[in-house]
Amino acid sequence: MDTEYIREMNQYPTIFLSFADAKGSQMRIVKCIKEQLLTAYRCNAHLLKDPDMFDKPKFDLIMKGLSSLDDGSLETIDQAIAYLMEKCHQYYGKKVMLIIDEYDTPFIEAHVGNVYSEIHSALAGLLSSALKDNPNLQNAMLTGIQRVAKENIFSGLNNPEVRTVSDKAYSQHFGFVKKEVDILLKYYGLECSDEVKAMYDGYNIGGTEIYNPWSILNYAKNHKLIPYWVNVSSNQLIKKAMEEIRKKPETHGEHKSGFETKYEELIEKKQVETVMDLQKCFYEESDAVSLWGLFVNAGYLTIKQEKSSTYLLEIPNNEVAEEFQRLTLNYLNKDYDIFTMMMRGLYDKEPNVFIENYRDFLLNSTSYHDLISENSYHTLLLGMCACLYADYEVKSNQEAGKGRYDIVLQSKTSKFPSYIIELKYLKKEEYDKHPKLLKEKCEEALRQIEMNRYDITLSGQIIHIALTHSGKDVEMLWKEA
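Letter 380 of the sequence shown, counting from 1, is numbered 380 in the UniProt record's numbering, and no numbers are missing.
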């Protein structure tokens, strides 16, 4: 076979680096980068045997910096990649292919660990010297989920191509397409069933339907249909980003921020229409637009539809939905173990298990200042219930019967009951004067559910739940319809 691509194979010296493991403390990040560079130098040790081939003082300075694995500094190795590329070019007579996988992981980890200012300039210098105006570079390919712009790593490059998850070019290479999954799973005695599709499929990359490759490979290996993928670096960045958005001035008080409103819509409907930018870097421009872009680039959301000025985004599959449980609870500052027991109470129709853990939840995992209106509790419960979406269709504030219910959990199977949850709220001064009002308000809420026939569209077993709150106090009535 003689093609343009075949003629290019094995024609260029290649340097491959992966910063995927550059995580943790500043020392750990720097150590991983240096270990990658040392490995690249060892792989090309034959280039450096001829003393005429290299500048010894420069080489010694670089090697001294690389060998100091635990000093937490990149200051003396800014030319390490560029120098090795120069030697490769001299030795082979051909320019170098440079590949860096997850180039942005050290930047992300430094931001999450609050050491960004300590290493970002030196790290940017290391990359810039290899990429910009380098006569020894044939082509470079970098992968990542955030485009680092502040340090001008990519400015001045000769016609760089930036491909995001919305581009058609190379879309089939972001993961496995259906045909590849069929062949792979068949080889391992498995099939691409509806359950496999629901768990690992759902990504729209430039119009191509893509399965998560890491998860498919692990499923083929282990024969267990469970979540395998969680990008820990992006998970930590997203958690920190959501906390930063939450702390912005417009998120305080009773009124919700634009992001909070959109996030509630996402966890309720599993999709949201919003403005985003795939090429903005959150830790350089921390706003909702860059955060939604981070969600997509990191694989937590996918683009269902691209409109003129907005995107319709959705949770791609059940595997990611499970991770959204943890993200949502982290966003709400909630305890995952107590939450799990609460949800178990719903699945098993155990009112005491549900309310006891819910009370613990309010007492131990919430701030009194966050619980200032009925809407506060609605947001809290909706965020938790949305995590049940594999088994329930979660609805909020929709018309049914003669009115609008607060929350409905419509079971997708006869195995579990459906729930109608109606909320009431008492101000502290009212509760202090008349504590019995909590229960009376619950009775009122149950009557409201029944009189307005909120369950008219539901079938099978139905349970009505009335919850009345005042600060961290709550009363519940549970009634099977």
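Ideal placement from N, C-alpha and C gives every residue a C-beta, glycine not left out.
None of the values given here were measured: they were computed from a predicted structure.
Own chain partners of residue i with C-beta closer than 7 Å, once the 5 adjacent residues on each side are dropped
i	result
residue 488	The requested residue 488 does not occur in the structure, where the chain is confined to residues 1 to 481.
residue 344	353
residue 134	82, 85
residue 218	228
residue 225	195, 196, 199, 219
residue 191	185
residue 38	66
residue 389	270, 321
residue 30	72, 73, 74, 119
Coil, strand or helix - residue i by DSSP
i	result
residue 312	strand
residue 9	coil
residue 204	strand
residue 211	strand
residue 449	helix
residue 473	strand
residue 479	strand
residue 431	helix
residue 161	coil
residue 189	coil
residue 408	strand
residue 169	coil
residue 225	coil
residue 458	coil
residue 423	strand
residue 258	helix
residue 468	strand
residue 324	helix
residue 251	The pLDDT assigned to residue 251 is 44, lower than 50, so where the model puts this residue is not dependable; a value taken from the coordinates is nonetheless given after this. If DSSP states are grouped into helix, strand and coil, residue 251 belongs with the helices.
Cutoff 8 Å; reference residue i; Cβ partners in own chain excluding five residues on either side
i	result
residue 294	145, 146, 234, 237, 238, 241, 282
residue 456	400, 401
residue 111	237, 240, 283
residue 129	78, 79, 81, 82
residue 451	402
residue 363	472
residue 278	164, 165, 166, 293, 296, 297
Cβ separation of residue i and residue j, assumed to be a contact under 8 Å, to the nearest whole Å
i	j	result
residue 205	residue 141	Actually they are not in contact, since the Cβ atoms of residue 205 and residue 141 sit about 17 Å apart, beyond 8 Å.
residue 74	residue 123	6 Å
residue 324	residue 291	Going by Cβ atoms, the distance from residue 324 to residue 291 rounds to 14 Å, so no, they are not a contact pair.
residue 468	residue 426	6 Å
residue 310	residue 274	6 Å
residue 480	residue 463	5 Å
Same chain, Cβ closer than 6 Å to residue i, five either side skipped, listed in chain order
i	result
residue 227	319, 322
residue 172	208
residue 244	286
residue 355	476
residue 210	174, 175, 203
residue 336	329
residue 454	400, 401, 405, 420
residue 188	220
residue 262	272, 274
beta-carbon residue i near the ligand HEM non-hydrogen atom, thresh 7 Å
i	result
residue 292	Questions concerning the ligand HEM fall outside what the structure shown contains, since it holds no ligand whatsoever.
Tell me the start and end of each unbroken beta strand (DSSP E) in the region 333-400 that is at least 3 residues and wholly inside, in chain order.
392-396
Complete beta strand (DSSP E) runs within the UniProt domain "AAA-ATPase-like" (5-154) (minimum length 3 residues, chain order)
14-18, 96-101, 137-142
Does the region 174-193 come close enough to the region 301-318 that 3 or more CB-CB pairs lie under 8 Å?
no
Ranges of the beta strand (DSSP E) found wholly within the region 270-320, counting only runs of at least 3:
271-274, 302-306, 311-314
Determine contact between the region 408-421 and the region 380-394, defined as no fewer than three beta-carbon pairs at a distance below 8 Å.
In short, these stretches touch, since the Cβ pair count reaches three.
Using 8 Å as the threshold, is the region 89-98 in touch with the region 5-19, meaning 3 or more CB pairs across them?
The region 89-98 vs the region 5-19: in contact.
Is it the case that the region 43-53 contacts the region 67-82, given that we only count it when at least three CB pairs across the two stretches are under 8 Å?
no
Quick test of the definition: if touching needs 3 or more C-beta pairs under 8 Å, does the region 100-109 touch the region 58-66?
no
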